[in-house]
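This report refers to the structure that appears directly beneath it.
There are 2 protein chains.
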Amino acid sequence: MLTDRQLLILQVIIDDFIRSGQPVGSRTLSKKHQIAFSSATIRNEMADLEELGYIEKTHISSGRVPSEKGYRYYVDHLLPPQRLTRADIQKIRSVFAERIYELEKLMQKSAQILSELTNYTSIALGPTFKESKLKRMQIVPLNEQTAVAIVVTDTGHVENRVVTIPSSMDAGDLEKMVNIFNERLAGVPLMDLKEKMETEVADVLRRHIRNYDSVLNTLMETLDAPEEEKVFFAGKANMLNQPEFSDIQKVRPLLDIIEQEKDIYRLLRKQTQKGVRVSIGHENELRGMENCSLITATYSVGDEPLGAIAILGPTRMEYSRVITVLNRVASDLSAALAKWYQSQ
Amino acid sequence: MLTDRQLLILQVIIDDFIRSGQPVGSRTLSKKHQIAFSSATIRNEMADLEELGYIEKTHISSGRVPSEKGYRYYVDHLLPPQRLTRADIQKIRSVFAERIYELEKLMQKSAQILSELTNYTSIALGPTFKESKLKRMQIVPLNEQTAVAIVVTDTGHVENRVVTIPSSMDAGDLEKMVNIFNERLAGVPLMDLKEKMETEVADVLRRHIRNYDSVLNTLMETLDAPEEEKVFFAGKANMLNQPEFSDIQKVRPLLDIIEQEKDIYRLLRKQTQKGVRVSIGHENELRGMENCSLITATYSVGDEPLGAIAILGPTRMEYSRVITVLNRVASDLSAALAKWYQSQ
DNA sequence: TTTAGCACTCGAATTGTTCGAGTGCTAACA
DNA sequence: TGTTAGCACTCGAACAATTCGAGTGCTAAA
Chain D
1 MLTDRQLLIL QVIIDDFIRS GQPVGSRTLS KKHQIAFSSA TIRNEMADLE ELGYIEKTHI
61 SSGRVPSEKG YRYYVDHLLP PQRLTRADIQ KIRSVFAERI YELEKLMQKS AQILSELTNY
121 TSIALGPTFK ESKLKRMQIV PLNEQTAVAI VVTDTGHVEN RVVTIPSSMD AGDLEKMVNI
181 FNERLAGVPL MDLKEKMETE VADVLRRHIR NYDSVLNTLM ETLDAPEEEK VFFAGKANML
241 NQPEFSDIQK VRPLLDIIEQ EKDIYRLLRK QTQKGVRVSI GHENELRGME NCSLITATYS
301 VGDEPLGAIA ILGPTRMEYS RVITVLNRVA SDLSAALAKW YQSQ
Chain E
1 MLTDRQLLIL QVIIDDFIRS GQPVGSRTLS KKHQIAFSSA TIRNEMADLE ELGYIEKTHI
61 SSGRVPSEKG YRYYVDHLLP PQRLTRADIQ KIRSVFAERI YELEKLMQKS AQILSELTNY
121 TSIALGPTFK ESKLKRMQIV PLNEQTAVAI VVTDTGHVEN RVVTIPSSMD AGDLEKMVNI
181 FNERLAGVPL MDLKEKMETE VADVLRRHIR NYDSVLNTLM ETLDAPEEEK VFFAGKANML
241 NQPEFSDIQK VRPLLDIIEQ EKDIYRLLRK QTQKGVRVSI GHENELRGME NCSLITATYS
301 VGDEPLGAIA ILGPTRMEYS RVITVLNRVA SDLSAALAKW YQSQ
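Chains as they are written, first to last, in full-length UniProt numbering: chain D, 1 to 344; chain E, 1 to 344.
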């Protein structure tokens with residue numbers, strides 16, 4: 001177990017390193033007003049802390065930098081309290097103050113304010129469409145073989161896909177089918193749609209429409225294909241601000257991950273338990289993120305977490321500030337969404 | 001006017017520099033099999049070429065690099081013929097071979113193949129929506145105040161926006177309105193929609209629907225707001241492959257431009273005359289693109305150029321190959337689109 | 001007109017040096 | 001027994017000096 005003095009020293013080392021990016025030496029530390037011991041004493045303590053794995057040297061006679069274990073301890077136990085300035089709070093509030101019509105815009109704005117306030121790369125994931133309920137389905141024929149299938153959800157989101165239509169089916173059949181769908185399936189959550197289609201309407205439709213099954217299959221496919229939910233990024237290039245990534249070789253794999261979007265998307269989608277989560281360095285499974293930390297926060301309406309917002313930065317990240325900002329944005333976003341859902 | 005020998009030397013210098021990225025010296029040149037003169041002769045010619053502004057030194061005793069004027073001359077007059085390999089042609093063809101349902105996917109794939117074949121950043125702009133015609137309009141009420149307005153075009157593209165509805169208007173009115181719209185306006189190009197709405201249907205609607213004008217305004221706005229057409233990028237991070245951008249300071253503004261997307265979008269939209277266009281270094285108006293060249297090509301159906309595809313790379317770009325690839329992709333894309341439109 | 005030759009220039013790479021910030025260890029001190 | 005002063009040592013960063021090679025321009029001879 002660490003002594004109080006060791007904790008103090010660990011905290012000051014990490015705080016200082018996060019601020020400066022430079023290895024922290026014993027003399028530097030001894031000059032800090034929070035610390036009353038001589039550099040020699042500190043050296044002894046640092047040697048112990050190093051032995052325990054909380055800090056590391058970059059070379060034999062260098063100052064110390066936090067190890068991942070050190071960051072982990074810091075994040076779990078030593079985070080200095082952080083308050084947002086009035087101006088910051090105001091900025092966040094103003095983002096959610098305007099009446100929003102589209103969910104996408106809202107998420108985009110959330111990402112923007114996050115990266116603006118932190119100078120890191122931010123990511124925002126919208127609520128799963130599967131959560132939302134069918135408002136209306138519509139099929140618009142384009143020509144003999146193809147049509148656009150449109151699904152409108154109660155959140156105002158519109159999904160659409162081009163589908164092929166079996167030649168045996170005519171416009172009247174299509175219309176009938178759509179009508180039946182809308183009568184019977186309105187209000188069903190998208191995630192249950194496939195099942196309900198089978199149990200609730202299949203029989204009726206088989207009775208009314210020739211060749212129903214072949215259309216059903218196409219439609220099922222359409223609805224089943226994991227609707228590509230959008231991930232919203234902001235400040236992608238902010239990664240380049242960090243001195244630890246001044247070397248192109250080191251940012252390259254990172255920018256690739258970011259550009260690809262899919263890996264990050266999966267990572268965020270996994271985050272389902274409420275609250276803030278911090279992944280430090282190698283705790284991230286993705287290769288290329290060894291020098292990064294990812295901090296995610298969920299937002300929710302009621303009890304159910306709906307989606308996540310996140311900040312990606314170097315392991316030497318301003319954890320305290322980032323977590324505070326994330327919490328604030330998440331709660332304002334939750335509130336905005338609650339209002340939004342209420343109005344639906 | 002340049003002599004034949006000067007042209008030869010200029011061409012070989014640029015070819016070599018594009019390949020190697022290193023300043024080209026007289027001795028290196030004299031060893032090339034295409035060149036039969038001594039290094040001293042070449043030095044004299046190079047001095048002349050420099051005086052004329054086609055090449056430059058990086059420092060007083062260095063080899064020569066092409067100036068922008070040099071590149072311009074090269075692109076206009078000296079491009080070595082370039083043939084694609086069977087494999088490349090095959091790759092391109094296979095992209096357009098599959099049946100495509102969505103225009104967006106097609107453009108995304110075009111961008112992908114471009115960056116894959118060139119290792120530069122590629123950009124693809126879809127056909128303007130304004131070109132396409134109204135297939136169907138739909139308004140789906142979400143609650144008392146809001147509804148989703150959906151516009152389906154003949155190309156299968158779906159535009160949607162959330163709109164507010166005046167409280168005086170009820171569901172019946174809405175339906176009536178939509179029906180009238182669809183009856184009278186189907187087939188009208190989106191760009192003419194606003195005008196036609198005024199001339200063709202306003203009277204009828206005013207007769208049938210209370211408060212028509214206030215809805216009209218909302219709708220007008222919706223349709224008028226420059227529908228954000230998507231630009232498709234691929235290989236954004238390829239910019240970092242180029243040795244001239246190994247310095248973070250130099251890529252940063254460039255990545256900002258790319259991330260922003262809007263400036264590039266405008267740039268490409270401007271490109272309306274058919275064919276390939278090359279903008280070298282400072283010929284690009286955007287700040288941050290001084291060390292880049294942008295090569296754009298239009299694709300068309302019939303005579304009308306519909307959109308553009310482009311490659312962004314360093315001024316030291318493989319012009320010949322890039323132009324060849326762009327031409328090929330543009331023509332295959334044009335063909336694919338022709339088929340597509342025909343089937344509509 | 002072309003070319004060989006020569007003096008000269010400059011950047012890149014290598015080497016040596018210094019400086020400062022850091023360390024660990026030991027011995028003295030409260 | 002815990003703390004501290006002192007000392008020898010280490011290493012990286014910064015800087016200057018040196019060398020090397022690839023390049024140039026100019027001149028004179030072929």
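No residue lacks a Cβ here, since even glycine has one placed at the ideal position from N, Cα and C.
All values reported here derive from a predicted model rather than from experimental measurement.
Indicate whether at least one CB of chain E lies closer than 9 Å to the CB of residue i.
| i | result |
| --- | --- |
| Ser-30 of chain D | no |
| Val-148 of chain D | yes |
Under 9 Å between C-beta atoms, does residue i make it to chain D?
| i | result |
| --- | --- |
| Met-184 of chain E | Note that residue 184 of chain E corresponds to Arg in the displayed sequence, not to Met. Arg-184 of chain E does not count as touching chain D. |
| Asp-154 of chain E | yes |
| Asn-160 of chain E | yes |
| Val-163 of chain E | yes |
Nearest-angstrom Cα distance between residue i and residue j?
| i | j | result |
| --- | --- | --- |
| Thr-128 of chain D | Arg-19 of chain D | 37 Å |
| Ser-246 of chain D | Ser-167 of chain D | 59 Å |
| Arg-206 of chain E | Leu-306 of chain E | 37 Å |
| Glu-144 of chain E | Asp-170 of chain E | 9 Å |
| Arg-43 of chain E | Ser-26 of chain E | 6 Å |
| Glu-229 of chain E | Gln-249 of chain E | 31 Å |
| Glu-45 of chain E | Ile-60 of chain E | 17 Å |
| Met-1 of chain D | Met-289 of chain D | 30 Å |
| Val-24 of chain E | Val-12 of chain E | 9 Å |
| Lys-135 of chain E | Thr-155 of chain E | 9 Å |
| Lys-194 of chain E | Met-220 of chain E | 6 Å |
| Ile-209 of chain E | Ile-139 of chain E | 15 Å |
| Tyr-299 of chain D | Gly-187 of chain D | 23 Å |
| Phe-17 of chain D | Gly-63 of chain D | 10 Å |
| Val-152 of chain D | Val-158 of chain D | 5 Å |
| Asp-48 of chain E | Lys-32 of chain E | 20 Å |
| Pro-314 of chain E | Tyr-265 of chain D | 31 Å |
| Ile-150 of chain E | Asp-76 of chain D | 49 Å |
| Gly-53 of chain E | Leu-326 of chain D | 55 Å |
What residue range is occupied by the uninterrupted beta strand (DSSP E) comprising residue i?
| i | result |
| --- | --- |
| Arg-136 of chain D | 134 to 141 |
| Arg-277 of chain E | 276 to 280 |
| Glu-56 of chain D | 55 to 57 |
| Phe-233 of chain E | 231 to 234 |
Starting from residue i, follow the alpha helix (DSSP H) in both directions and report where the run begins and ends.
| i | result |
| --- | --- |
| Phe-181 of chain E | 171 to 185 |
| Phe-17 of chain E | 4 to 20 |
| Thr-121 of chain D | Where Thr-121 of chain D is concerned, there is no enclosing alpha helix (DSSP H), although the beta strand (DSSP E) it sits in stretches over 121 to 125. |
| Thr-65 of chain E | Reading off the sequence, residue 65 of chain E comes out as Val, not Thr. Careful: Val-65 of chain E lies outside any alpha helix (DSSP H), inside the beta strand (DSSP E) at 64 to 66. |
| Thr-41 of chain E | 39 to 51 |
| Ala-111 of chain E | 103 to 118 |
| Val-251 of chain E | 248 to 260 |
| Val-95 of chain D | 86 to 97 |
| Arg-27 of chain E | 26 to 31 |
Identify every residue that forms a DSSP beta bridge with residue i.
| i | result |
| --- | --- |
| Gly-313 of chain D | D:Ser-293 |
| Arg-269 of chain E | According to DSSP, which records beta bridges pairwise, Arg-269 of chain E is partnered with nothing at all. |
| Ile-150 of chain E | E:Gln-138 and E:Asn-160 |
| Glu-318 of chain D | Beta-bridge pairing links Glu-318 of chain D to no other residue. |
| Gly-70 of chain E | Answer is none; Gly-70 of chain E lacks a bridge partner. |
| Thr-298 of chain E | E:Ala-308 |
| Pro-189 of chain D | D:Lys-133 |
Near-chain E residues of the region 121 to 143 of chain D (beta-carbon distance less than 9 Å), N- to C-terminal order: Lys-135, Arg-136, Gln-138, Val-140, Pro-141, Leu-142 and Asn-143
Against chain D: residues of the region 236 to 259 of chain E by CB proximity under 7 Å: Lys-236, Ala-237, Leu-240, Ser-246, Ile-248, Arg-252, Leu-255, Asp-256 and Glu-259
Residues from the region 99 to 117 of chain D in contact with chain E, defined by Cβ distance under 8 Å: Tyr-101 and Glu-102: these are the residues of the region 99 to 117 of chain D whose beta carbon lies less than 8 Å from some beta carbon of chain E, given in chain order.
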